[in-house]
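Peer 1:
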């Protein structure tokens with residue numbers, strides 16, 4: 010094992026943003042040669058996108074610290090390299106490397122890849138090829154790393170099963186320790202049975218799915234006939250759930266980037282999971298049940314992170330941060346502590362019906378008022394009932410009016426296009442909502458310079474949601490509705506000039522839909538796209554719709570299925586879905602019933618505050634919903650600045 014940096018360094022002046030490849034960030038961890046030799050299990054943790062996107066990823070940062078605290082493990086990071094460096098690495102025969110020790114990725118025991126989105130799949134293939142790791146799991150031996158897939162996309166890993174050895178389902182804090190133990194013991198005993206036995210051991214580890222230990226057969230109609238375990242693998246694999254977040258206060262020392270990144274802040278996850286029941290939201294479904302971090306735990310994490318990093322912004326993260334049962338106490342305590350300092354607070358994810366102006370004033374007490382962001386998701390009340398996102402326009406107008414009256418000047422609203430049962434009129438109502446926001450803002454503020462930005466993405470049905478059976482809208486339909494929406498926004502120039510509109514065309518969403526709900530046959534499409542130059546498909550400047558559609562036609566056509574078969578086709582109740590043997594805790598019948606409820610326009614309440622709806626998660630995971638009041642206080646630290654107000658304990 011040697012560093013590749015002497016060979017890499019002369020190449021860096023020839024690429025864009027060379028600083029992203031040099032490592033050495035504040036709080037990065039690099040093992041020396043003695044530590045490397047003495048550590049039984051070595052992990053390369055990859056985020057399969059550019060450094061600027063991957064470095065702030067909270068999941069990778071957490072696992073990086075968790076593993077490096079273990080005496081039997083070490084972890085280094087790697088990210089996808091841009092095509093300019095890829096070409097140079099191939100030309101000069103320099104392998105894929107980690108940014109910490111610049112060690113070859115192929116020298117590690119595990120290559121753990123966290124997929125937040127399916128559009129990063131081709132980037133993994135680039136890394137495998139550059140590392141000298143055979144693309145296909147069947148071609149690897151015990152000299153190659155175990156390729157492990159995690160993240161939200163892992164809840165349907167079937168399109169990637171040609172390329173990944175193991176899939177970790179659910180929360181990663183504990184399962185990475187179990188995987189480390191399995192590999193450590195196997196190595197200590199002389200690697201008995203070779204790679205095959207190691208995979209057998211991992212296949213019976215809780216939360217681990219080894220695709221090679223399952224046979225998939227297909228029927229004459231193209232759908233899956235059966236998925237059968239072999240060699241002692243369990244019939245279904247249940248996700249892992251971290252029960253008490255206060256036991257896992259990570260990251261303690263956030264990485265501070267050397268190059269510009271999409272987020273530059275200390276992030277503290279204040280709770281995990283969501284029970285709002287938004288039918289489109291895979292993250293909310295697969296991370297159930299809700300587990301809140303205590304006030305004391307949050308206060309300690311914020312203090313530790315700020316001291317360790319020097320960041321001047323702290324993001325209080327969750328799927329809907331204002332839903333924390335003690336959010337008022339959290340924000341007041343933190344605002345008291347950091348008042349008069351250069352440290353600001355942010356709630357990146359809030360709902361209109363959980364938000365109030367007092368909360369907004371607390372998080373902006375140091376004077377930063379960059380804007381408010383909300384996600385109604387649907388333009389009409391009818392479509393919001395379908396998706397179970399019951400944000401009333403009245404609540405939205407009242408909230409933004411209060412905000413504009415107290416000094417805010419802009420609001421951003423997120424929507425989706427292509428939702429199930431959607432019609433043109435549902436989308437066109439977005440324009441009316443934006444116009445009414447401008448009118449309300451002008452009236453409340455007495456100024457004409459208020460702005461509303463509407464940001465619209467194409468809807469993609471995802472596994473383990475009630476919409477997993479739904480047909481996806483064709484890109485032509487999405488693009489035509491967005492064209493009509495732009496006309497409607499500009500139909501009143503007096504209001505339209507204050508409304509910004511940002512949207513993506515529907516083509517990338519269709520490919521994301523193929524990868525999200527595809528089965529093992531889609532793997533050959535991914536490989537063909539990659540061999541024909543597919544890289545960074547989540548970036549519009551690199552994405553090629555034609556490359557994907559041509560590869561899908563060539564690879565899927567002979568099998569009797571197609572791109573449309575995987576995307577725009579509605580599934581029936583009894584069809585075996587590619588991910589049915591992977592258990593997110595949600596009862597399949599409950600998801601189907603909620604899909605039928607969606608078609609009828611029925612709503613579902615938040616089960617945190619109402620009787621249980623029997624979704625199945627709590628009994629299957631052995632974990633109840635955790636909400637406050639926790640009975641704790643924010644830690645009694647002195648204020649960060651002499652001008653500050655109260656101590657944390659007075660929150």
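Residue numbers (the numbering used here): 10 to 660. No residue lacks a Cβ here, since even glycine has one placed at the ideal position from N, Cα and C. Keep in mind that this is a model prediction, so the values were computed, not measured.
1. Measuring CB to CB, does residue 235 end up less than 8 Å from residue 585?
2. Quick check: the Cα distance between residue 57 and residue 535, rounded to an integer number of angstroms?
3. Between which two residues does the alpha helix (DSSP H) containing residue 492 stretch?
4. Relative to the C-alpha of residue 16, which candidate in 210, 121, 98, 212 has its C-alpha closest?
5. Can you tell me whether residue 239 is buried or exposed, with buried defined as 16 or more other CB within 10 angstroms of its CB?
6. Using only the alpha-carbon positions, how far apart do residue 648 and residue 352 sit?
7. Report back the beta-carbon spacing between residue 293 and residue 328 to the nearest angstrom; my notes put them in contact at under 8 Å.
8. Does the distance from the C-beta atom of residue 256 to that of residue 204 stay below 8 Å?
9. For residue 49 versus residue 196, is the C-beta spacing smaller than 8 Å?
10. Please state the DSSP three-state secondary structure of residue 242.
11. Quick check: the Cα distance between residue 12 and residue 102, rounded to an integer number of angstroms?
12. With three or more beta-carbon pairs closer than 8 Å as the criterion, would you say the segment 551 to 564 touches the segment 184 to 200?
13. Could you give the residue range of the beta strand (DSSP E) that holds residue 86?
14. At the level of alpha carbons, what is the spacing between residue 659 and residue 304?
15. Exposed or buried, which one is residue 165 when buried takes at least 16 other CB atoms within 10 Å?
16. Reducing DSSP to helix, strand and coil, say where residue 61 ends up.
17. How about residue 476 and residue 470: do their beta carbons lie closer than 8 Å?
18. Going by beta carbon distance, what residues of the same chain come within less than 7 Å of residue 454, once the five residues before and after it are set aside?
19. Rounded to whole angstroms, what is the Cα-Cα separation between residue 343 and residue 450?
20. How is residue 408 classed by DSSP in three states: helix, strand or coil?
21. Counting only runs of 4+ residues fully inside the segment 167 to 216, write out the alpha helix (DSSP H) ranges in chain order.
22. Can you name the residues that DSSP bridges to residue 52?
23. Just the C-alpha distance for residue 289 and residue 398, rounded to the nearest angstrom, thanks.
24. Might you give, ordered along the chain, the residues of its own chain that have their beta carbon closer than 6 Å to the beta carbon of residue 332, omitting 5 neighbours on each side?
25. Given that a residue counts as buried once 16 or more other Cβ atoms are within 10 Å of its Cβ, and exposed if not, what is residue 665?
26. CA-CA distance, residue 172 and residue 220?
27. So, for residue 448: in the same chain, excluding its five sequence neighbours on each side, which residues have a beta-carbon less than 8 Å away from its beta-carbon?
28. Which whole runs of the beta strand (DSSP E) in the segment 254 to 336 are 3 residues long or more, in chain order?
29. Per DSSP, which residues does residue 421 bridge with? Please list them.
30. Alpha helix (DSSP H) containing residue 532: first to last residue?
31. Helix, strand or coil for residue 481 per DSSP?
32. In the DSSP assignment, the alpha helix (DSSP H) including residue 98 goes from what residue to what residue?
33. Taking Cβ positions, are residue 88 and residue 108 nearer each other than 8 Å?
34. Would DSSP call residue 657 helix, strand or coil?
35. Closest to residue 623 by C-alpha separation, out of 608, 594, 345, 606, would be which residue?
36. Roughly how far, in whole angstroms, is the beta-carbon of residue 280 from the beta-carbon of residue 301, given that I think they are within contact range, below 8 Å?
Peer 2: According to the data block:
1. Start at 1 with the first residue of the chain shown, and residue 235 comes out as number 226. Start at 1 with the first residue of the chain shown, and residue 585 comes out as number 576. When the beta-carbon positions are compared, residue 235 and residue 585 come within less than 8 Å of each other.
2. Here residue 57 refers to the residue found at position 48 when the chain shown is read from its first residue. Here residue 535 refers to the residue found at position 526 when the chain shown is read from its first residue. Using only the alpha carbons, I get a separation of about 15 Å.
3. In the chain shown, residue 492 corresponds to position 483, counting from 1. Start and end: 484 to 498.
4. Stepping through the chain shown from its first residue, residue 16 is reached at position 7. It is 98.
5. Against the chain shown, residue 239 aligns to sequence position 230. Per the 10 Å Cβ criterion, exposed.
6. Locating residue 648 in the chain shown gives position 639, where the first residue counts as 1. Locating residue 352 in the chain shown gives position 343, where the first residue counts as 1. Because residue 648 carries a pLDDT of 44, less than 50, the predicted location of this residue cannot be relied on, and no value is offered for it.
7. Translated into positions along the chain shown, residue 293 becomes position 284. Translated into positions along the chain shown, residue 328 becomes position 319. With a Cβ gap of about 6 Å, residue 293 and residue 328 count as contacting.
8. Mapped onto the chain shown, residue 256 falls at position 247. Mapped onto the chain shown, residue 204 falls at position 195. For residue 256 and residue 204, no; Cβs fall outside 8 Å.
9. Taking the chain shown and counting its residues from 1, the one referred to as residue 49 is at position 40. Taking the chain shown and counting its residues from 1, the one referred to as residue 196 is at position 187. For residue 49 and residue 196, yes; Cβs fall inside 8 Å.
10. Taking the chain shown and counting its residues from 1, the one referred to as residue 242 is at position 233. If DSSP states are grouped into helix, strand and coil, residue 242 belongs with coil.
11. One-based indexing of the chain shown puts residue 12 at position 3. One-based indexing of the chain shown puts residue 102 at position 93. Rounded to the nearest angstrom, the two C-alpha atoms are 14 Å apart.
12. By the Cβ test, the segment 551 to 564 is not in contact with the segment 184 to 200, since fewer than three Cβ pairs between them sit closer than 8 Å.
13. Against the chain shown, residue 86 aligns to sequence position 77. Start and end: 82 to 88.
14. Mapped onto the chain shown, residue 659 falls at position 650. Mapped onto the chain shown, residue 304 falls at position 295. In this predicted model, residue 659 has a pLDDT of only 30, less than 50, meaning its place in the structure is not dependable; the value taken from the coordinates is given anyway. Going from the Cα of residue 659 to the Cα of residue 304 covers about 12 Å.
15. Numbered from its first residue, the chain shown carries residue 165 at position 156. By the neighbour-count rule (16 or more Cβ atoms within 10 Å), residue 165 is buried.
16. Walking along the chain shown from the start, residue 61 turns up at place 52. Helix.
17. The residue you call residue 476 lines up with position 467 of the chain shown. The residue you call residue 470 lines up with position 461 of the chain shown. Cβ distance < 8 Å, so residue 476 and residue 470 count as in contact.
18. Residue mapping note: residue 454 aligns to position 445 of the chain shown, counting from 1. Correct list, in chain order: 413, 414.
19. The sequence position of residue 343 within the chain shown is 334, counting from 1. The sequence position of residue 450 within the chain shown is 441, counting from 1. Answer to the nearest angstrom: the Cα atoms are 29 Å apart.
20. Taking the chain shown and counting its residues from 1, the one referred to as residue 408 is at position 399. In this structure, residue 408 counts as helix in the three-state DSSP scheme.
21. 184 to 197, 203 to 212
22. Counting from one through the chain shown, the residue named residue 52 turns up at place 43. Paired residue(s): 84, 119.
23. The residue given as residue 289 occupies position 280 in the chain shown. The residue given as residue 398 occupies position 389 in the chain shown. Their Cα atoms are separated by approximately 9 Å.
24. As a working mapping, residue 332 is identified with position 323 in the chain shown. Cβ within range, chain order: 363.
25. The structure shown does not extend to residue 665, since the chain spans only 10 to 660, so no value can be given for it.
26. Locating residue 172 in the chain shown gives position 163, where the first residue counts as 1. Locating residue 220 in the chain shown gives position 211, where the first residue counts as 1. Each residue's Cα considered, the two are about 10 Å apart.
27. Here residue 448 is taken as the residue at index 439 of the chain shown, counted from 1. Within the same chain, and ignoring the five residues on either side of residue 448 in sequence, the residues whose Cβ sits closer than 8 Å to its Cβ are 504.
28. 275 to 278, 322 to 326
29. Along the chain shown, read from residue 1 onward, the residue named residue 421 stands at position 412. Paired residues: 382, 462.
30. To locate residue 532, count along the chain shown from 1; it is residue 523. Residues 532 to 540.
31. Stepping through the chain shown from its first residue, residue 481 is reached at position 472. Residue 481: coil per DSSP, three-state reduction.
32. The count along the chain shown starts at 1 and reaches residue 98 at position 89. Segment 92 to 100, the alpha helix (DSSP H) holding residue 98.
33. Counting from one through the chain shown, the residue named residue 88 turns up at place 79. Counting from one through the chain shown, the residue named residue 108 turns up at place 99. The answer is yes: Cβ separation under 8 Å.
34. Working through the chain shown from its first residue, we reach residue 657 at position 648. The predicted position of residue 657 is uncertain, since its pLDDT is 30 and thus under 50; no value can be drawn from it.
35. As a working note, residue 623 is residue 614 in the chain shown. Taking only the C-alpha atoms, the option nearest residue 623 is 594.
36. The residue given as residue 280 occupies position 271 in the chain shown. The residue given as residue 301 occupies position 292 in the chain shown. With 8 Å as the limit, residue 280 and residue 301 qualify as a contact, their Cβ atoms being about 4 Å apart.
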